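Visitor: Residue numbers (the numbering used here): 1327 to 1754.
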Amino acid sequence: MPHPREEPNFINVLNATFCVSPTVMAIPVSSSSREIEVESTTINSWAWSIRPLIIWLRFLGVSLPDVSTFSSLCHRWVMLAYGILCFSSHAAGQINLLCYLFTKWEPGSLEQAGGSNYDTTTAKMNSTIDFMNYTVHGFGTHIILLTIIRTKWIRLRNIFQRLEGVFVEENYIRIRNMSSLGVVAIILLILGLTAISTGYHFAVGTSSIQRIFISFMATISIVYPLTALVLFLTHCYASSLAFESIQTEVKRNEIQLMNGREQDSSQLILAFKERHILANETVDGINDSFGCYLLLATTSYFVAIINSSFYLFGLDNHITLPDIIFSLFVLFNLTVTCFTADTIQNKADNAMKELLSLKCDEPLKGLQKQQMNTLVWEMTHTIPQISANGYFNVSRKLFPQVIGTSLTYFFILCQFEVSEKKLCSTSI
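1) Looking at C-alpha atoms only, which residue of Ile-1651, Leu-1749 and Lys-1599 is the closest neighbour of Val-1767?
2) In the DSSP assignment, what residue or residues form a beta bridge with Ser-1375?
3) Return the CA-CA distance between Leu-1482 and Gly-1611, expressed in angstroms with no decimal places.
4) For Gly-1617, which residues from the same chain have a beta carbon less than 8 Å from its beta carbon, with the 5 sequence-adjacent residues on both sides left out?
5) For Ala-1677, which residues from the same chain have a beta carbon less than 6 Å from its beta carbon, with the 5 sequence-adjacent residues on both sides left out?
6) According to DSSP, is Asn-1715 part of a helix, a strand, or is it coil?
7) Quick one: give me the first and last residue of the alpha helix (DSSP H) that Pro-1776 is part of.
8) In whole angstroms, what separates the C-alpha of Ser-1828 from that of Phe-1736?
9) Is it a yes or a no for the stretch 1450–1458 touching the stretch 1421–1428, going by three-plus beta-carbon pairs under 8 Å?
10) Looking at the structure shown, is Phe-1493 part of a helix, part of a strand, or coil, going by DSSP?
11) So, at 7 Å on beta carbons, what are the nonlocal neighbours of Cys-1412 in its own chain, with the 5 sequence-adjacent residues on each side left out?
12) Which word fits Lys-1748, buried or exposed, when buried means at least 16 other C-beta atoms lie within 10 angstroms of its C-beta?
13) What residues in its chain sit with their C-beta under 7 Å from that of Asp-1649, if we drop five residues either side in the sequence?
14) If you draw a straight line from the alpha carbon of Ser-1371 to that of Ala-1554, how long is it in whole angstroms?
15) Could you tell me which of Trp-1374, Ser-1683 and Ser-1566 sits nearest to Lys-1673, measuring between CA atoms?
16) So, for Phe-1665: in the same chain, excluding its five sequence neighbours on each side, which residues have a beta-carbon less than 7 Å away from its beta-carbon?
17) Quick one, which of Glu-1746, Val-1556, Glu-1575 and Leu-1406 has its alpha-carbon nearest Phe-1658's?
18) Quick one, are the C-beta atoms of Leu-1647 and Met-1543 less than 8 Å apart?
19) Report the rounded CA-to-CA distance for Trp-1374 versus Phe-1493, giving the unit in angstroms.
20) Considering only C-alpha positions, which residue in the set Val-1549, Glu-1680 and Ile-1380 is nearest to His-1468?
21) Taking C-alpha atoms, which residue in Phe-1718, Ser-1415, Leu-1471 and Leu-1519 lies nearest to Trp-1382?
22) Within this structure, are the beta carbons of Thr-1624 and Phe-1725 separated by less than 8 Å?
23) In whole angstroms, give me the CA-to-CA distance for Ile-1631 and Leu-1514.
24) Measure the alpha-carbon distance for Gln-1671 versus Met-1705 and round it to whole angstroms.
25) Compute the beta-carbon to beta-carbon distance between Ala-1564 and Phe-1486, rounded to the nearest angstrom, for a pair I have assumed lies under 8 Å.
26) Would you decide whether His-1401 is buried or exposed? Buried here means 16 or more other CB atoms lie within 10 Å of its CB.
27) Compute the Euclidean distance between the alpha carbons of Leu-1519 and Glu-1495, then round it to the nearest angstrom.
28) Exposed or buried, which one is Thr-1477 when buried takes at least 16 other CB atoms within 10 Å?
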């Protein structure tokens, strides 16, 4: 009897696009009469699960050390040259953008070039700061990826590889799917934003090619912050799964913990503690590697919300589609960053509550009680927090603070705009 043919799955197609052999066998390579073996990468590994992001970063000129692929001396030099080319192209585009803003951009010139009514100094400065913000965010993230994250990547990778003793195959498949979908989302977002920005300029009859070019470069520059964001979110998701595994393990061994021998129960509590320590190490690794990026990103989101609010509600001209899209884009990025980081703390709280309920429902005795009390105390005093390089914590509590402060500065900008217009009208 013939077997029914399996239909292709969308996630499987994405995984097949990004170098997707579940198992990479050792490959002998001759070099000076030596054999170099590539470490095998199975489906139950961290390297396999984030492989799509590693490949995408290399396409952008950021080569992160990856144990799953062989890297010869020639290959490293090629990647170095390609990385320098990408960085130089990015830098040249941003320098050209800044030169245009500070040398050729005169009041009123954008009205003819882009259809925007920047007839006040407040509006002009807001637009200048907006372009500078995108430049600093994009180019700054590129530098952070090449320096800080790349330097600390091996330590971060080693921490998450230790989860291989905790995770099951399903966890790695979920992380793999998130990595693949993240790369596809980046590509679609960049293409969509570029099409909207370029299409708007052609629709309003923009005649300045350089004006179109700087808008294009400001949009393309977002690819690096988006990639860093997806990389950060993937690590946060994996860390939350590590804390979730503690709760799952407690539920699975609840009966054995209560009714087993004292020695067996002590070993289970010790296993819970080891999982908790490992999960906390993943949070420390995320803070160490992504702290500077989070500080830059949240600051950029704060400035972008002020700028976009002024575009939408502070100018007399009509609201344009690019303004709406970019405003929603910034709000979406801020929301995803805050709430995904907060997921780690939620999972840690759930694991602690599971232990507390276990402790209350079935009172432990002797050594078991002492070990459980110690574990609960440690979990209570080591609540994980995602930090922006130590300056502030990134969680859902940050979201209303950013929105509220942004609105304050928006109203200040509006007051400057109204005052400037009244001053101009009275002088006439």
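Backbone N, C-alpha and C define an ideal beta-carbon position, used for all residues, glycine too. On a predicted model such as this, the values are computed, not experimentally measured, just so you know.
Guide: So, from the listed chains and residues:
1) Not covered by the structure: residue 1767. The range shown for the chain is 1327 to 1754.
2) Paired residues: none, contrary to the question.
3) Going by the C-alpha atoms only, they are around 5 Å apart.
4) These residues qualify, in order along the chain: Ser-1713, Ala-1714, Asn-1715 and Gly-1716.
5) Excluding sequence positions up to five before and after Ala-1677, its CB lies within less than 6 Å of the CB of Phe-1569, Ile-1572 and Gln-1573, all in the same chain and listed in chain order.
6) Coil at Asn-1715, not helix or strand.
7) The question about residue 1776 has no answer, for the chain in this structure spans 1327 to 1754.
8) With the chain represented from 1327 up to 1754, any question about residue 1828 goes unanswered, as that position is not in the structure.
9) With the cut-off at 8 Å, the stretch 1450–1458 and the stretch 1421–1428 touch.
10) The answer is coil: DSSP assigns Phe-1493 none of H, G, I, E or B.
11) Result list for Cys-1412: Leu-1386 and Gly-1387, in chain order.
12) Exposed, since its Cβ has fewer than 16 Cβ neighbours within 10 Å.
13) Closer than 7 Å at the Cβ level, and outside the excluded window around Asp-1649, lie Ser-1634, Tyr-1637 and Leu-1638.
14) Annotation: Ser-1371 to Ala-1554 spans about 21 Å, alpha carbon to alpha carbon.
15) Out of Trp-1374, Ser-1683 and Ser-1566, Ser-1566 has the C-alpha closest to the C-alpha of Lys-1673.
16) Same-chain partners within the cutoff: Arg-1722.
17) Among Glu-1746, Val-1556, Glu-1575 and Leu-1406, the Cα nearest to that of Phe-1658 is on Val-1556.
18) Contact flag unset, no.
19) Taking the straight line from one Cα to the other gives about 13 Å.
20) Comparing alpha-carbon positions, the option among Val-1549, Glu-1680 and Ile-1380 lying closest to His-1468 turns out to be Val-1549.
21) Looking only at Phe-1718, Ser-1415, Leu-1471 and Leu-1519, the smallest Cα-Cα distance to Trp-1382 is reached by Leu-1471.
22) By the CB criterion at 8 Å, Thr-1624 and Phe-1725 fall outside the cutoff.
23) Cα to Cα, the separation comes out at about 22 Å.
24) Rounded to the nearest angstrom, the two C-alpha atoms are 11 Å apart.
25) Right, the Cβ-Cβ distance comes to about 6 Å (below 8 Å), so this counts as a contact.
26) Residue environment: His-1401 is assigned as exposed (fewer than 16 neighbouring CB atoms within 10 Å of its CB, all protein chains considered).
27) Cα-Cα distance, rounded: 36 Å.
28) The residue in question, Thr-1477, is exposed, as its Cβ has fewer than 16 Cβ neighbours within 10 Å.
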